[in-house]
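Worksheet: the structure to be examined is printed underneath.
2 protein chains.
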Amino acid sequence: MLRQNDPREINPQGNGLLKGIAVDPVIFGFHENQLKVLIIEHTNTGLYALPGGYIQENEDVDEAAERILTMRTGLSDVYLEQFHIFGKYNRTDPEVVKKILIGQGFTPTDDHWSLKRFISVGYYALVDYTKTRLTTDLTTGSCDWYDFDAVPPLIFDHQLIIDKALTTLRHNLDQMLIGFNLLPPIFTMVELHTLYETVLGKKLLPPNFQRKMLSLGILERIEKKKTGKAHKSPYLYRFKPSE
Amino acid sequence: MLRQNDPREINPQGNGLLKGIAVDPVIFGFHENQLKVLIIEHTNTGLYALPGGYIQENEDVDEAAERILTMRTGLSDVYLEQFHIFGKYNRTDPEVVKKILIGQGFTPTDDHWSLKRFISVGYYALVDYTKTRLTTDLTTGSCDWYDFDAVPPLIFDHQLIIDKALTTLRHNLDQMLIGFNLLPPIFTMVELHTLYETVLGKKLLPPNFQRKMLSLGILERIEKKKTGKAHKSPYLYRFKPSE
Numbered sequence: 006m007l008r009q010n011d012p013r014e015i016n017p018q019g020n021g022l023l024k025g026i027a028v029d030p031v032i033f034g035f036h037e038n039q040l041k042v043l044i045i046e047h048t049n050t051g052l053y054a055l056p057g058g059y060i061q062e063n064e065d066v067d068e069a070a071e072r073i074l075t076m077r078t079g080l081s082d083v084y085l086e087q088f089h090i091f092g093k094y095n096r097t098d099p100e101v102v103k104k105i106l107i108g109q110g111f112t113p114t115d116d117h118w119s120l121k122r123f124i125s126v127g128y129y130a131l132v133d134y135t136k137t138r139l140t141t142d143l144t145t146g147s148c149d150w151y152d153f154d155a156v157p158p159l160i161f162d163h164q165l166i167i168d169k170a171l172t173t174l175r176h177n178l179d180q181m182l183i184g185f186n187l188l189p190p191i192f193t194m195v196e197l198h199t200l201y202e203t204v205l206g207k208k209l210l211p212p213n214f215q216r217k218m219l220s221l222g223i224l225e226r227i228e229k230k231k232t233g234k235a236h237k238s239p240y241l242y243r244f245k246p247s248e
Numbered sequence: 006m007l008r009q010n011d012p013r014e015i016n017p018q019g020n021g022l023l024k025g026i027a028v029d030p031v032i033f034g035f036h037e038n039q040l041k042v043l044i045i046e047h048t049n050t051g052l053y054a055l056p057g058g059y060i061q062e063n064e065d066v067d068e069a070a071e072r073i074l075t076m077r078t079g080l081s082d083v084y085l086e087q088f089h090i091f092g093k094y095n096r097t098d099p100e101v102v103k104k105i106l107i108g109q110g111f112t113p114t115d116d117h118w119s120l121k122r123f124i125s126v127g128y129y130a131l132v133d134y135t136k137t138r139l140t141t142d143l144t145t146g147s148c149d150w151y152d153f154d155a156v157p158p159l160i161f162d163h164q165l166i167i168d169k170a171l172t173t174l175r176h177n178l179d180q181m182l183i184g185f186n187l188l189p190p191i192f193t194m195v196e197l198h199t200l201y202e203t204v205l206g207k208k209l210l211p212p213n214f215q216r217k218m219l220s221l222g223i224l225e226r227i228e229k230k231k232t233g234k235a236h237k238s239p240y241l242y243r244f245k246p247s248e
């Protein structure tokens, strides 16, 4: 893991940052038939959270989400979608924020801007698990993948944000076939099938699934086959390029 | 039209309001086969806009949207959904905000909070056109329905917000059958068909449409028929209550 500075750590006055609003990306990966989610631990606190961050004054909200995603994973140009804002007036807890800042070596006064109400813009990202280069900084003790069903207890409403991201992902996966963002460029029908079953959390009959996928006209069968006995090798597919 | 005070007008210092973030509801109605949208004019400016508003410090973002919707239309308990936040760093224009405040009789200083960057949380609402009681206040010269395709030029990115709301509405209408929010409780198949054609902006073959709707098992045919020659009266339907 690389370490790099995070503006939050060296900027307790919040110069150049928007106050009262932050972004929290839910970064999904897929590996060995498990849906994974990226979780950080705030330095010296034992508090786990989404890998969120502040928005710079001269930065679009979408750009902030992209920047944070790239900072944490080393990836750019990945599927990243804003899906909901979390705006309950009491969703954050000043005592928890205080603990996080103290863990970073900074003791805030009671009227510190970061202790006030914060609205969170929720994004979700789909990344190729194998390509990520996870990065911590001085504010984060760890930055790691967790199996979706084994995420530790999280601060604030971060579990709710994950749950809602998964609901959106399921809906979109069903409707818009964005699943290819979680797969390598070339895959077998079994791999595609497993991805759908895992993310949707339900069994899909293989013949029906295969028929549906092929009928959509979005898959391209590759001539090259996997090594092994030729007549037993599964076909390989890829998604047709757009246009 | 009723007139009532708006906290914005009597509160130029923004006491008790969140700074930097506001809500902008796109309120859709349906009348005489036209999709309508609610637009206000800022007093004494000739500037048209969505009927937006600020968020109070002790109010959830969703509650702010509900409050503003009720204030403008007299309706509560209507379909209201947050669909996107608009976060471009330069989406608002301080000169335009200044003009709006001057139109209300308040001249802001150049560093006034309302001239700074504002993020907008977009909501869309579906209301029964016939039940609304539109309300202006001292900040709004008018508050009126416009045909969707005859909306005047709007400030900032408000036209983009409407366009994105319509895209979402179309998608949801197709997927989640939320159209009943735009219809009276009892309706004919022709009325339902017209609603779908109007909102989706495309022709739908009546037999296919009827077959699809009936096959979903969500409609209930009412025994009572419209007055007129009994054998010519169309059947009336309603949506089955949930559960």
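In order, the protein sequence lines correspond to chains A and B. Taking our numbering, the leading residue of the first sequence gets 6, the next gets one more, and so forth. Taking our numbering, the leading residue of the second sequence gets 6, the next gets one more, and so forth. Each residue gets a CB set at the ideal place from its N, CA and C atoms; glycine is no exception.
A Cβ-Cβ distance of about 30 Å is found for the pair A/N63 and A/G146, leaving them out of contact under the 8 Å criterion. Residue range T145 to D152 is occupied by the beta strand (DSSP E) that includes A/D149. Along the region 77-89 of chain A, going in chain order, the ones with a CB nearer than 8 Å to a CB of chain B are Q87 and H89. Here DSSP, grouped into helix, strand and coil, assigns B/G108 to helix. When B/L219, B/R216, B/L197 and B/G222 are compared, the shortest CA-CA separation from B/H36 is found for B/L197. The beta carbon of A/V126 sits closer than 8 Å to some beta carbon of chain B. With the rule of 3 Cβ pairs closer than 8 Å, the region 160-180 of chain A does not count as touching the region 134-142 of chain A. Spanning the alpha carbons of A/E68 and A/G25 requires a straight line of approximately 17 Å. Between B/I160 and B/D168, the alpha-carbon positions lie close to 14 Å from each other. Judged by beta-carbon spacing, A/H89 lies within the 8 Å limit of B/Q87, meaning their Cβ atoms are closer than that value.
Nearest to B/I107 by alpha-carbon distance, out of B/T172, B/L200, B/H47 and B/K208, is B/H47. Against chain B, the CB of A/E64 has a partner CB under 8 Å away; the residue lies at that interface. Under the DSSP assignment, B/R77 falls outside any beta strand (DSSP E), being part of the alpha helix (DSSP H) whose first and last residues are V66 to T78.
Here B/V132 really is in contact with B/G34; their C-beta atoms are around 5 Å apart, less than 8 Å. The Cβ atoms of B/R72 and B/L43 do not sit closer than 8 Å to each other. From the listed residues B/I32, B/K41 and B/P30, the smallest Cα separation to B/A155 is found for B/K41.
When B/L171, B/K121, B/D29 and B/P157 are compared, the shortest CA-CA separation from B/T203 is found for B/L171. With contacts defined by Cβ atoms closer than 8 Å, A/Y201 and A/L188 do not form a contacting pair. The beta carbons of A/T193 and A/L241 sit about 6 Å from each other, so the pair counts as a contact at 8 Å. Not one beta carbon of chain A lies nearer than 8 Å to the beta carbon of B/I32. Only those residues of the region 13-29 of chain A whose C-beta falls short of 8 Å from the nearest C-beta of chain B are listed: L23, K24, G25 and I26.
Distances from the CA of A/F123 to each of A/D116, A/W150, A/Y94 and A/F153 were compared; the closest alpha carbon is that of A/Y94. Not one beta carbon of chain B lies nearer than 8 Å to the beta carbon of A/Y151. In terms of beta-carbon proximity, B/G92 lines the interface with chain A, with at least one pair separated by less than 8 Å. Here B/D115 carries a coil assignment [DSSP, helix/strand/coil].
Listed along chain B are G92, each with a C-beta nearer than 7 Å to that of A/D67. When rounded, the separation of the alpha-carbon atoms in A/Y53 and A/D29 is 13 Å.
For B/R72, not one C-beta of chain A is nearer than 8 Å to its own C-beta. With 16 or more other CB atoms across the displayed protein chains lying within 10 angstroms of its CB, A/I45 is buried.
Residue contact with chain A for B/R122: present (Cβ-Cβ distance below 8 Å to some residue of chain A). In the three-state reduction of the DSSP assignment, B/Y129 falls in the strand class. Of the other Cβ atoms in all chains shown, fewer than 16 fall within 10 Å of the Cβ of A/P157; this residue is therefore exposed. About 6 Å separates the CB atoms of B/F244 and B/L224; that is less than 8 Å, so the two are in contact.
Counted as a single uninterrupted DSSP element, the alpha helix (DSSP H) harbouring B/Q215 occupies residues P211 to S220.
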